[in-house]
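Just so you know, we're using the UniProt record's numbering here: the sequence shown kicks off at 1 and counts up by one.
Working notes for the structure below.
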Amino acid sequence: MAGSLSRRRLAAPCERQAAREASPLPMSACMIRQLRARALAVFALRGLPEGVREPTGKEGLWRPIAGRSEGKMKRREIEALREQVRCAAVLEHAGFAIDAKESTRRAVKFRRGGEIIIVIYEGRGWFDPLSEAKGDVFRLVEHLDRVGFLEGAERVAALVGFQITEPEWRAAKHGERSDLSLPDRWQSRRHPWPRSASWRYLNRERRLPANVLRTAIKSDLLREGPQGSMWALHRDQAGVLTGWEARGPLYRGFASGGTKVLFRFGSDSASRLAVTEAAIDAMTLAAIEGLREGTLYLSTGGGWSPTTEAALEELATKPGVQLVAATDANPQGDMFAERLRTLADDVGCDWTRLRPPEEDWNESLKIMEREKRERTEGGGVPHARGPRQGKLRPVEPALDADGRDAGGSQGVMKD
1 MAGSLSRRRL
11 AAPCERQAAR
21 EASPLPMSAC
31 MIRQLRARAL
41 AVFALRGLPE
51 GVREPTGKEG
61 LWRPIAGRSE
71 GKMKRREIEA
81 LREQVRCAAV
91 LEHAGFAIDA
101 KESTRRAVKF
111 RRGGEIIIVI
121 YEGRGWFDPL
131 SEAKGDVFRL
141 VEHLDRVGFL
151 EGAERVAALV
161 GFQITEPEWR
171 AAKHGERSDL
181 SLPDRWQSRR
191 HPWPRSASWR
201 YLNRERRLPA
211 NVLRTAIKSD
221 LLREGPQGSM
231 WALHRDQAGV
241 LTGWEARGPL
251 YRGFASGGTK
261 VLFRFGSDSA
271 SRLAVTEAAI
281 DAMTLAAIEG
291 LREGTLYLST
301 GGGWSPTTEA
311 ALEELATKPG
321 VQLVAATDAN
331 PQGDMFAERL
341 RTLADDVGCD
351 WTRLRPPEED
361 WNESLKIMER
371 EKRERTEGGG
381 VPHARGPRQG
391 KLRPVEPALD
401 ADGRDAGGSQ
411 GVMKD
């Protein structure tokens with residue numbers, strides 16, 4: 001009995017220690033200083049090369065830290081670092097900035113030149129849409145700075161207490177959230193109509209012509225969203241509603257609880273599949289091409305989920321299909337185009353790249369409309385400027401010059 005009691009007394013401290021290490025705890029300023037010191041010390045103990053660094057206050061620059069001491073970093077302390085330092089802190093220090101236009105509360109897009117990082121999971125995770133890279137804050141530092149885990153963790157530790165810039169998100173308005181099912185939420189909203197807020201946004205601001213809007217509405221693809229936004233339907237291969245893209249003057253996102261599959265504008269039996277990154281771009285390309293017969297205009301909603309890939313693959317396996325990569329004229333659009341090329345090669349269908357003259361199709365349409373107004377206001381005399389490179393005609397979309405990005409298992413099928 002005495003031996004058993006003695007063993008319990010010896011085990012109790014170990015159990016309490018294990019419990020303390022099982023989950024991170026809130027840290028005081030003193031604990032943060034101790035943690036940072038211990039985190040930096042572990043690299044000296046493990047023999048990290050000279051030149052251990054800390055932020056200098058300038059973007060992306062680090063300086064040596066003197067006086068490292070030996071120590072040991074425990075799993076609990078690594079987890080605490082992960083909780084204390086958000087991915088946004090690493091990105092801001094590295095010179096990235098938030099792209100507010102392309103961000104949502106759940107997915108914040110950061111840019112640095114041509115580089116893009118999207119932060120998710122409330123700042124705890126990230127992914128690079130231009131590659132397969134993703135992970136937590138430690139992996140982010142490794143990805144950006146091309147360092148190993150030890151030096152990366154040291155740099156994370158040096159950012160404890162870094163004050164990040166918080167985006168100003170618009171508060172949710174009445175009607176944006178509901179306990180209703182996705183189909184019920186969709187059915188509860190009205191179709192856009194002339195002079196409605198959504199119609200004005202699409203027709204006046206986005207320059208989509210009335211005939212295109214009426215065709216989309218007749219196919220039950222659009223709904224009036226809150227705050228002048230529009231909802232664009234996504235459905236799966238069986239025609240089941242899976243969610244909707246939401247776009248407006250002050251808001252962009254996707255249906256809460258929904259799944260991105262495909263926005264489909266046209267007949268599912270079409271042999272020409274024009275894939276864009278947004279429903280507005282899909283409708284814009286349809287307007288530019290004059291609602292081309294035999295074309296299904298598609299939008300991935302800016303994502304590339306397994307469900308999206310499966311839906312595209314099912315459409316592309318039909319005989320005589322041409323897969324048209326009509327994605328944006330930027331690195332992300334080019335990455336999506338390469339994925340579509342790979343998919344076309346896998347299923348054995350034709351593939352071609354259709355690049356907008358501007359960054360996206362809607363921007364291209366707005367410039368075309370502006371130039372048309374300028375010519376009209378000038379009494380039919382063309383503008384003094386030379387013609388824009390790659391300018392589109394209504395039913396003759398421009399392929400890449402010399403067909404550099406065109407190809408597929410059967411070569412190029414020109415329009």
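Cβ atoms here follow ideal geometry from the backbone N, Cα and C, with glycine treated the same way.
| query | result |
| --- | --- |
| Relative to the alpha-carbon of E358, which residue among A326, V347 and T342 has its alpha-carbon at the smallest distance? | A326 |
| Would you call residue 478 buried or exposed, if buried means 16 or more other Cβ atoms sit within 10 Å of its Cβ? | Because the chain is modelled from 1 through 415, residue 478 falls outside the range shown and cannot be assessed. |
| DSSP on W186, reduced to helix/strand/coil? | helix |
| With 16 other CB atoms within 10 Å as the buried threshold, where does Q84 fall? | buried |
| With a cut-off of 8 Å, do at least 3 Cβ pairs link the stretch 274-283 to the stretch 296-314? | yes |
| Just to confirm, is the Cβ distance from W351 to L323 under 8 Å? | yes |
| With three or more beta-carbon pairs closer than 8 Å as the criterion, would you say the stretch 182-196 touches the stretch 128-135? | no |
| Below 8 Å between beta carbons: does that hold for I288 and L241? | no |
| Buried or exposed: K218, going by 16 or more other Cβ atoms within 10 Å of its Cβ? | exposed |
| In whole angstroms, give me the CA-to-CA distance for A88 and D99. | 12 Å |
| Hey, quick one: how far does the beta strand (DSSP E) through L298 stretch, first residue to last? | T295 to S299 |
| Report the rounded CA-to-CA distance for A157 versus R82, giving the unit in angstroms. | 9 Å |
| Under 8 Å: do the stretch 201-209 and the stretch 233-240 share three or more Cβ pairs, one atom per stretch? | no |
| Give me the Cα-Cα distance between G148 and K134, rounded to the nearest whole angstrom. | 15 Å |
| What is the rounded straight-line gap between the Cα of E154 and the Cα of V141? | 10 Å |
| Taking 7 Å as the cut-off, is the CB of M283 close to at least one heavy atom of the ligand SAM? | Absent from the structure shown: the ligand SAM. Ligands present: none. |
| Who does F110 pair with in a DSSP beta bridge? | I98 and I117 |
| Please work out which residues of its chain come closer than 6 Å, Cβ to Cβ, to L233, disregarding the five sequence neighbours upstream and downstream, and give them in chain order. | L221 and W244 |
| Is the stretch 327-344 close to the stretch 298-313, with three or more CB pairs under 8 Å? | yes |
| Using CA atoms only, rank isn't needed, just tell me which of L180, S267, R375 and S198 is closest to Y251. | S198 |
| Ordered along the chain, which non-local residues of its own chain (more than five positions away) have a Cβ less than 6 Å from that of P331? | G114 and L130 |
| Would you mind stating whether V212 and A270 have Cβ atoms separated by less than 8 Å? | no |
| So which of T284, L144, G123 and V137 has the shortest CA-CA distance to R112? | L144 |
| At the level of alpha carbons, what is the spacing between P249 and F96? | 25 Å |
| Bridge partners for K134 per DSSP, in chain order? | F127 |
| Taking DSSP's pairing of strands, which residues face V275 in a bridge? | L298 and A325 |
| Report the option in L150, L354 and E377 whose CA atom is closest to the CA atom of F336. | L354 |
| Following the continuous beta strand (DSSP E) through R264, name the residue where it begins and the one where it ends. | F263 to F265 |
| Residues in the same chain with beta-carbon distance under 6 Å from G152, minus the five sequence neighbours each way, listed in chain order, please. | F138, V141 and E142 |
| How about W231 and A216: are their beta carbons less than 8 Å apart? | no |
| Taking the alpha carbon of R105 as the point to measure from, which residue in S256, W186 and R373 has its own alpha carbon closest? | S256 |
| Please go through the same chain and pick out, in chain order, the residues whose beta-carbon is closer than 7 Å to the beta-carbon of E102, but skip the five residues on each side of it. | K109 |
| Can you give me the Cβ contacts of T317 inside the same chain, cut-off strictly under 7 Å, excluding the 5 residues immediately before and after it? | V347 |
| When burial is assigned at 16 or more other CB atoms within 10 Å of the CB, is D184 buried or exposed? | exposed |
| Just to check my reading of the structure: I118 and L91 have Cβ atoms closer than 8 Å, yes? What is that Cβ distance to the nearest angstrom? | About 10 Å; that fails the 8 Å criterion. |
| When burial is assigned at 16 or more other CB atoms within 10 Å of the CB, is S229 buried or exposed? | buried |
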